[in-house]
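Anchor point for the sequence shown: position 283 equals 283 in UniProt numbering, and the numbering is continuous, going up by one each time. As structure tokens, the structure follows; a few thoughts come after it.
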Amino acid sequence: MAEIIDTRIEPDRAIERACAVLSEGEPVAIPTETVYGLAADATNADAISRIYEMKGRPRFNPLICHVSDMAMAEAHVIFDPISRRLAEAFWPGPLTLILPERRESTVHALASAGLETLGIRMPEGFSRRVISHFGRPLAAPSANTSGRISPTSAAHVEADLGAKLRLILDAGPAEIGLESTIIKVEAGRLRLLRPGGLDVAEIEALTGFPVQRPEAAGATIEAPGMLASHYAPGAAVRLNAEDVRKGEALIRFGGKALPGESAAAIVLDLSPSGNLREAAANLFDYMKKADASGAATIAFGRMPDEGLGEAIVDRLERAAAPRV
Ligand code: TXA
Ligand code: MG
């Protein structure tokens with residue numbers, strides 16, 4: 001079973017143990033502000049292989065490389081002026097940039113699944129300290145079995161991958177709770193490959209350019225991880241529910257009761273006051289709680305599709321997509 005170290009109580013031991021395990025080419029679960037990541041030395045092929053194995057993740061699906069500072073980023077990718085402005089404004093934070101990889105980058109081709117670009121981000125919080133101390137980028141997908149809901153707590157990671165992992169760092173619940181927003185700048189245009197924890201409106205406000213939305217889920221797979229069925233709980237999922245059927249689990253938003261909810265297996269409200277940040281932070285945990293209620297179906301009430309709601313609705317649609 002995995003050892004769990006609370007980074008709020010033993011930060012120094014957490015860093016020391018994490019770097020020791022990473023140096024041996026083993027993955028470590030680390031807390032980021034978005035979700036918990038399954039991190040390994042991005043320059044070590046064996047270490048990266050272990051990530052794919054542990055998650056049961058297809059190898060054509062590239063990993064995001066996490067850096068602690070701009071100098072580390074510059075050693076591996078080439079910034080265009082717009083991407084640089086985005087990095088300066090939003091890093092450390094929930095933004096991943098897809099950039100051309102440098103020829104001399106030591107990141108192993110397995111991490112980028114052989115693409116000529118690299119997904120790169122500078123995370124906020126304890127993981128950044130780990131990377132800084134380790135001195136090399138960490139490849140890290142979300143620390144969950146492929147296709148399942150991303151973990152927003154150490155307990156989520158332990159329940160899913162605890163038997164396979166040596167070490168989990170626990171920094172408490174992830175502050176943002178949704179994976180990073182993925183942006184690719186191409187020919188001076190900003191393309192959204194995945195909505196996430198950074199509101200697209202903030203990117204548009206900073207750059208003055210519109211961000212182009214991805215095609216409908218599954219239509220084209222530009223970020224190879226964006227397969228239609230993803231973030232799937234065990235239960236079936238019903239979206240935009242106007243009422244609740246007997247025995248369903250209900251996840252709603254905005255504090256408004258739905259007809260029939262007294263016969264629900266469980267009723268959870270992502271944010272009774274209608275705050276999208278709070279809703280994002282609760283989303284994956286509530287999906288897991290609803291799943292654990294044993295209900296065969298999880299009904300979701302309507303969610304606003306603006307701001308962070310865009311990323312939340314994206315995850316819900318993937319959760320509801322036909323399973324492969
Ligand atoms: O918030 C996050 O981004 C979390 C934390 C741990 O940092 N990580 C995460 O990783 O969500 P993952 O592996 O679950 O999702 C990475 C996404 C996938 O959809 C992958 O296809 C895409 O990023 N991606 C990575 N490198 C890419 C590249 N070079 N070109 C296009 N898409 C890329
Ligand atoms: Mg993931």
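Just so it is clear, CB atoms sit at the ideal spot from N, CA and C, and this is done for glycine as well.
Classified as buried, A14 has 16 or more neighbouring CB atoms from the shown chains inside 10 Å of its CB. According to the DSSP secondary-structure assignment, T207 is paired through a beta bridge with no residue. Within its own chain, the residues whose Cβ lies closer than 6 Å to the Cβ of E175, once the five positions on either side in sequence are excluded, are E33, listed in chain order. Per DSSP, the beta-bridge partners of L268 are I251. Looking at the backbone, the Cα of L169 and that of E204 are separated by about 35 Å. Residue L86 holds the alpha-carbon nearest to the alpha-carbon of A201 among A2, L86 and A263. Within the segment 43-109, the complete alpha helix (DSSP H) segments of 4 residues or longer fall at 45-55, 70-74 and 81-90, listed in chain order. Less than 8 Å separates the beta-carbon of V35 from that of S142. Between F126 and A171, the C-beta spacing is below 8 Å.
Closest in C-alpha terms to R17, from the list L276, P81, L190 and V130, comes V130. Under DSSP, S142 forms a beta bridge with G37.
CA-CA distance, H66 to A257, rounds to 41 Å. For the pair N61 and S262, the Cα-to-Cα distance works out to about 42 Å. For V244, there is no enclosing beta strand (DSSP E), as DSSP gives it neither H nor E.
Measuring C-alpha to C-alpha distances from E179 to each of D41, N282, I298 and A155 identifies N282 as the nearest. For K288, there is no enclosing beta strand (DSSP E); the enclosing alpha helix (DSSP H) covers residues L276 to A292. Secondary structure of G309 (DSSP, three-state): helix. Per DSSP, the continuous beta strand (DSSP E) segment holding R189 begins and ends at R189 to R194.
When DSSP states are grouped into helix, strand and coil, L316 belongs to the helix group. When rounded, the separation of the alpha-carbon atoms in I48 and D6 is 25 Å.
Inclusion of I251 and L239 in the CB contact set at 8 Å is not warranted, their separation being larger than that value.
Take the alpha-carbon of A111 and the one of T297: they are about 36 Å apart. At least one heavy atom of the ligand TXA falls within 7 Å of the beta-carbon of T117. Taking each of K55, E104, R59 and A241 in turn and checking the Cα distance to M72, the smallest one comes out for E104. P304: not part of any beta strand (DSSP E); DSSP gives it neither H nor E. Taking every protein chain shown into account, the CB of I120 has 16 or more other CB atoms within 10 angstroms, so this residue is buried.
G37 and D285 have their alpha carbons spaced roughly 16 Å apart. In this structure, E179 has its CB closer than 7 Å to one or more heavy atoms of the ligand TXA. Just measuring C-alpha positions, the residue of L268, E278 and G309 sitting nearest K289 is L268.
K184 has I98 and R191 as its beta-bridge partners, per DSSP. Annotation: A2 is outside any beta strand (DSSP E) and is labelled neither H nor E by DSSP.
Using a cutoff of 7 Å, the CB of I9 does not count as near the ligand TXA, since none of the ligand's heavy atoms is closer than that.
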